[in-house]
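**Student:**
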Amino acid sequence: MKKPYWLDKKINLEECRRLRLLLRELCLHTVCEESLCPNLSECFGSETATFMILGNKCSRSCSFCNVSSGIPAPPQEDEPLRIKEAVRLLSLKYVVVTSPTRDDLDDGGAGLFFQTAEAVYDLNPDITIELLIPDFKGDNLQVRNIAGSKASVIGHNIETVPSLYIKVRSGGGYLSSLRVLETLKEQNSGLLTKSGLMLGLGESVEEVKAVLKDLKKTGCDFLTLGQYLPPSLKHYPPKRFMPLEIFSYLKEFALNLGFKGVASSPYVRSSYKARQLYNNCIAGRFKA
């Protein structure tokens with residue numbers, strides 16, 4: 055299937071040399087690199103990155119994802135301090151932290167998320183912190199604990215429509231993901247929550263609209279919609295390259311449902327221009 059002209063972005067590693075060197079020096083991972091994100095050079099070039107804690111191996115093996123699966127290494131207790139140092143050296147004002155799924159850990163890694171948010175907040179309370187969390191195997195105690203962290207935004211991606219979960223995200227559950235978002239709001243009503251979907255996996259527009267309605271019922275504030283692009287030929291193949299008009303249509307549909315911020319275009323990913331989405335919301339501009 056041939057890509058349309060709007061999907062011709064190239065990664066230029068020369069634009070992001072300084073950030074890559076700093077990350078290596080501090081032994082830090084980014085989801086940008088691990089997932090082969092097409093926006094890598096754009097974000098790294100502006101010294102923006104999504105830090106990935108808890109190693110670079112996932113305990114699950116979703117068919118769409120490029121993060122390596124296998125037996126993960128034990129958590130590193132000093133990782134929050136190394137992220138704190140990276141944030142200091144880069145003078146970041148908006149920090150996004152995520153992780154692979156760690157079903158091997160009793161708390162799923164929730165404790166290290168909490169500690170990382172605390173460390174960054176300790177550096178500068180004015181820094182905005184966004185966490186992108188896994189489902190913690192449906193352990194709502196861990197979700198409630200994270201809701202009490204120093205994060206201003208916490209996201210959990212629904213990823214796709216229910217009918218495709220068994221093919222695309224067999225380790226997760228649609229209803230349990232909705233419950234994560236619902237629990238975050240129940241525990242902390244002032245928290246901004248966020249979720250996202252990949253398009254082009256074989257879903258219908260009506261199925262997507264139904265998911266957006268379900269997300270809004272949880273109180274979800276922010277939404278990201280992007281085109282699924284397989285990291286390699288070994289990954290789940292795209293079924294369709296969505297027309298630009300579909301992204302515009304779904305953005306308007308979501309805004310009309312009441313989402314406070316929506317980023318919807320082919321190259322949008324979970325954390326792409328996250329600061330802009332947040333700032334637009336705070337400023338009262340409910341769009342992105």
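Residue numbering for the sequence shown is 55 to 342, as defined by the working numbering. From the three backbone atoms N, C-alpha and C, an ideal C-beta is built for every residue, glycine too. This structure is a prediction, so every number in the text was calculated from the model and none was measured.
Look at the Cβ atom of SER324, then the Cβ atom of GLY225, and state whether they are nearer than 8 angstroms.
**Tutor:** Cβ distance not < 8 angstroms, so SER324 and GLY225 don't count as in contact.
**Student:** Whole angstroms are fine: how far does the CA of ASP132 sit from the CA of ASP176?
**Tutor:** 15 angstroms
**Student:** Between which two residues does the alpha helix (DSSP H) containing ILE300 stretch?
**Tutor:** The continuous alpha helix (DSSP H) containing ILE300 extends over residues 298-311.
**Student:** Does the Cβ of VAL150 lie closer than 7 angstroms to at least one heavy atom of the ligand GTP?
**Tutor:** The ligand content of the structure shown is nil, which means the ligand GTP is not present either.
**Student:** Under DSSP, the beta strand (DSSP E) around LEU185 begins and ends at which residues?
**Tutor:** 182-186
**Student:** Run the CB neighbour count on GLY312, radius 10 Å, all protein chains shown included, and call it buried at 16 or more, exposed below.
**Tutor:** exposed
**Student:** Ignore the nearest five residues each way along the sequence and tell me which others in PRO216's own chain have a CB closer than 6 angstroms to its CB.
**Tutor:** Result list for PRO216: TYR228, in chain order.
**Student:** Checking the sheet assignment: what are the DSSP bridge partners for GLY209?
**Tutor:** LEU186 and LYS248
**Student:** Decide yes or no for the touch test of the stretch 269-289 against the stretch 315-334: beta carbon pairs closer than 8 angstroms, at least 3 of them.
**Tutor:** yes
**Student:** Distance, Cα to Cα, VAL259 vs THR272?
**Tutor:** 20 angstroms
**Student:** Which first and last residues belong to the beta strand (DSSP E) in which PHE105 is found?
**Tutor:** 104-106
**Student:** Are at least three pairs of beta-carbons, each pair with one atom in the stretch 146-165 and one in the stretch 110-121, less than 8 angstroms apart?
**Tutor:** yes
**Student:** What is the residue span of the alpha helix (DSSP H) that PHE167 lies within?
**Tutor:** The continuous alpha helix (DSSP H) containing PHE167 extends over residues 164-177.
**Student:** State the DSSP-derived secondary structure class of GLY315, mapped to helix, strand or coil.
**Tutor:** DSSP, reduced to helix, strand and coil, places GLY315 within a strand of the structure shown.
**Student:** Tell me whether LEU331 is buried or exposed, calling it buried when 16 or more other Cβ atoms sit within 10 Å of its Cβ.
**Tutor:** buried
**Student:** Any idea if LYS305 is buried or exposed, counting beta-carbon neighbours within 10 angstroms, 16 or more meaning buried?
**Tutor:** buried
**Student:** Give a yes or no on whether the C-beta atoms belonging to THR221 and TYR326 are separated by under 8 angstroms.
**Tutor:** The residue asked about is misnamed: residue 221 is Lys in this sequence, not Thr. Cβ atoms of LYS221 and TYR326: not closer than 8 angstroms.
**Student:** Under 8 angstroms between the Cβ atoms of SER249 and LEU277?
**Tutor:** yes
**Student:** Pick out whichever of VAL207, ASP158 and LEU135 has its Cα sitting closest to the Cα of GLU172.
**Tutor:** The candidate whose alpha carbon is nearest that of GLU172 is LEU135.
**Student:** Taking THR237 as part of the alpha helix (DSSP H), name the residues at either end of that continuous run.
**Tutor:** That run of the alpha helix (DSSP H) goes 228-241.
**Student:** Between which two residues does the alpha helix (DSSP H) holding TYR321 run?
**Tutor:** TYR321 -> no alpha helix (DSSP H), and no H or E assigned at all.
**Student:** Are THR247 and ASN194 touching if we call contact CB-CB under 8 angstroms?
**Tutor:** no
**Student:** By the 10 Å Cβ neighbour count, where 16 or more other Cβ atoms means buried, how is PRO297 classified, buried or exposed?
**Tutor:** exposed
**Student:** Looking at the structure shown, is GLY192 part of a helix, part of a strand, or coil, going by DSSP?
**Tutor:** helix
**Student:** What is the residue span of the alpha helix (DSSP H) that GLN330 lies within?
**Tutor:** 328-336 is the extent of the alpha helix (DSSP H) around GLN330.
**Student:** Can you list, in chain order, the residues of its chain whose CB lies under 8 angstroms from that of ASP158, leaving out five sequence neighbours each side?
**Tutor:** Taken in chain order, the residues that qualify are SER113, ILE125 and PRO126.
**Student:** Please list the terminal residues of the continuous alpha helix (DSSP H) segment that includes LEU287.
**Tutor:** LEU287 -> no alpha helix (DSSP H), and no H or E assigned at all.
**Student:** In the structure shown, what three-state DSSP assignment does SER371 receive?
**Tutor:** Only positions 55 to 342 of the chain appear in this structure, which leaves residue 371 out of reach.
**Student:** According to DSSP, is LYS111 part of a helix, a strand, or is it coil?
**Tutor:** strand
**Student:** Let's test the definition: count the other Cβ atoms within 10 Å of the Cβ of CYS274 and tell me whether it reaches 16, buried, or not, exposed.
**Tutor:** By the C-beta density criterion, CYS274 is buried, having at least 16 other C-beta atoms within 10 angstroms.
**Student:** In whole angstroms, what separates the C-alpha of GLU139 from that of SER318?
**Tutor:** 33 angstroms
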